[in-house]
Each structure stands twice: as structure tokens, then as C-alpha cells.
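One structure is given below, encoded as C-alpha cells.
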Amino acid sequence: MVSFSAVLNDARQLSERERLELIDALWDTVPSDADLPLHDDWGPELQRRVDAIKSGMAETVPGNEIRAAALAQIANESAD
0 MVSFSAVLND
10 ARQLSERERL
20 ELIDALWDTV
30 PSDADLPLHD
40 DWGPELQRRV
50 DAIKSGMAET
60 VPGNEIRAAA
70 LAQIANESAD
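According to numbering that gives the first Met the number 0, the residues represented by the sequence shown are 0 to 79, in order.
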């Protein structure tokens, strides 16, 4: 089995876009019902965001749209 440090060292050699694609691919391997620990600061932040959505001060955007926009921006910056 390959060690975590070896994978991390190899990942550091990838381009920014490749690292983001790797993050995306790895995230997709985590089960959606995984019990992921949250930092203590996230509770109040999540509540603030829920309140903003409920009050109409913020609106949601589907995650796939955000991901596509971020990857497009990275591609554009890499092309420049």
C-alpha cells in the first residue's frame, strides 16, 4: 500500500487544476452519510447561512454549477 505522505508528495507535483480535480475525485469517494467531524466554528456559521436563506437575504446555487464555474475560471487563468 502507498503511504499517505508519498501520495501527498506526488500530489504536490500536479498543476493547480490537476490538484483540484484530484480533490473532487477523492471527495466523490466519501460516502454521503459519512460522519464527518465539524470544527466548533461551523455550527454558528451554518446557522447564519440557514437564517440568511430563510430570510431571503441569500439564495442557494447548486453545487455542480459552483464547481463548473470554479473549474472554468481556473482553466481561463491557466490559459492566460
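Think of the CB as a built atom: it goes at the ideal place given N, C-alpha and C, for glycine as much as any other residue.
I'd like to check one pair, residue j with residue i: are the Cβ atoms closer than 8 Å?
i, j, result
"Arg16", "Ala69", "no"
"Leu21", "Ala10", "yes"
"Ala57", "Arg48", "yes"
Output the boundary residues of the alpha helix (DSSP H) element that contains residue i.
i, result
"Asp9", "3-10"
"Val49", "41-54"
"Glu76", "62-78"
"Leu19", "15-26"
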